[in-house]
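Residue numbers (the working numbering): 0 to 373. Input: a single structure, listed below in structure tokens.
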């Protein structure tokens with residue numbers, strides 16, 4: 000029975016890595032491995048165009064901006080589920096996100112999360128026979144722990160440390176190579192959030208205190224991840240996010256918030272990788288801007304309306320735009336939420352705008368989130 004394991008591994012890795020990079024997340028040329036780390040993890044922010052770096056006011060801040068946890072005092076847990084890429088009718092792909100935070104009086108906030116992406120089942124066959132002789136399930140997960148605290152009354156700082164595991168082809172090895180389709184790595188995040196209680200604009204006297212917040216998050220700082228050997232390692236998705244949040248209306252029964260995020264993948268790869276490997280993350284933070292410049296910046300924006308005292312029902316809308324030359328994602332997002340006592344439920348839905356095929360793979364993606372104050 001002739002089995003060309005090298006071809007099998009190449010097909011699995013190329014199809015999975017390229018497919019997931021292009022369609023699931025940032026879509027910018029399949030530049031990174033483990034792009035599941037960039038998937039918007041909760042329904043609320045997903046409904047707001049996948050924005051939230053400046054908002055970061057619940058447990059999901061561990062993803063959007065860990066510094067936001069410095070301004071939070073309650074203990075909270077959240078769980079999100081999504082059947083992944085329903086437009087492609089793959090059926091067995093799903094995404095899970097679990098997050099938890101605990102406030103330490105006068106010190107800061109501890110947080111943790113688990114991210115899991117199931118990629119489905121794959122089969123291996125002989126080269127001359129379609130009957131499967133082997134199968135395996137592919138999946139990826141990340142475990143994150145963080146700490147956030149206020150360095151000033153209006154300024155929060157947050158850091159995360161993350162363990163990453165990717166199992167694309169666990170029982171298939173390449174005879175002539177050192178590794179297989181399984182890899183592990185680590186990464187870290189650092190975030191800042193400025194939420195002023197008083198900010199008077201000169202000359203016009205407008206006070207934006209308790210109205211505006213600005214967030215900055217540098218995420219997934221870490222070494223390249225290796226499936227085969229170190230020489231063929233791929234960068235992980237180091238990203239920079241700048242976000243703004245505004246309380247447009249704040250009354251007893253009606254509250255409106257607006258968010259605006261700008262994000263960019265900080266990866267520097269070269270056309271001829273045989274001569275020059277991708278830059279290490281600490282170098283790519285600077286060199287990546289030479290490739291695409293500001294055109295690689297993804298813009299996302301959202302609007303949220305809450306009714307009730309306390310907040311009871313929410314309606315959300317959002318939009319995400321990516322340059323046509325660097326991914327070309329465009330989609331509208333919608334969602335709703337409800338809160339009762341210490342519990343909440345959120346829902347989001349994505350509708351791609353005039354896109355089909357690869358670019359429309361996220362169409363009809365739904366996320367469901369449960370959140371509870373403990």
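Note that the Cβ used here is the ideal one computed from N, Cα and C, for glycine as well. Source: prediction; values computed, not measured.
Beta-carbon spacing of residue i, residue j below 9 Å
i	j	result
residue 222	residue 114	no
residue 219	residue 64	no
residue 294	residue 302	no
residue 118	residue 137	yes
residue 364	residue 241	no
residue 227	residue 36	no
residue 237	residue 245	no
residue 213	residue 192	yes
residue 46	residue 348	yes
First through last residue of the beta strand (DSSP E) which encompasses residue i
i	result
residue 305	297–306
residue 344	342–351
residue 70	Unbroken run through residue 70: none, as it is neither H nor E.
residue 338	329–339
residue 182	179–193
residue 244	238–249
residue 99	93–103
residue 267	Where residue 267 is concerned, there is no enclosing beta strand (DSSP E), given that its DSSP letter is neither H nor E.
residue 51	Run containing residue 51: none; DSSP gives neither H nor E here.
Close-in-space but distant-in-sequence residues of the same chain around residue i (CB under 6 Å, 5 per side omitted)
i	result
residue 164	140 and 183
residue 305	254 and 313
residue 73	372
residue 283	265, 266 and 267
residue 62	40
residue 190	64, 65, 66, 157 and 216
Burial state of residue i (16 or more Cβ within 10 Å)
i	result
residue 324	exposed
residue 196	exposed
residue 67	buried
residue 285	exposed
residue 150	exposed
residue 361	buried
Assigned secondary structure, residue i (DSSP; H/G/I helix, E/B strand, else coil)
i	result
residue 212	strand
residue 202	coil
residue 147	strand
residue 41	coil
residue 223	coil
residue 66	helix
residue 368	strand
residue 291	coil
residue 109	strand
residue 233	strand
residue 160	strand
residue 21	Model confidence at residue 21 stands at a pLDDT of 38, short of 50, so the residue's coordinates are unreliable and nothing is read from them.
Limits of the alpha helix (DSSP H) - the one that residue i falls within
i	result
residue 61	60–63
residue 284	280–286
Sequence-distant residues of the same chain with beta carbon closer than 8 Å to residue i, five excluded per side
i	result
residue 367	42, 79, 80, 81, 344, 345 and 346
residue 311	305, 337, 338 and 339
Near the ligand SAH: residue i beta-carbon under 8 Å from a heavy atom
i	result
residue 330	Among the ligands in the structure shown, none appear at all, so the ligand SAH cannot be discussed.
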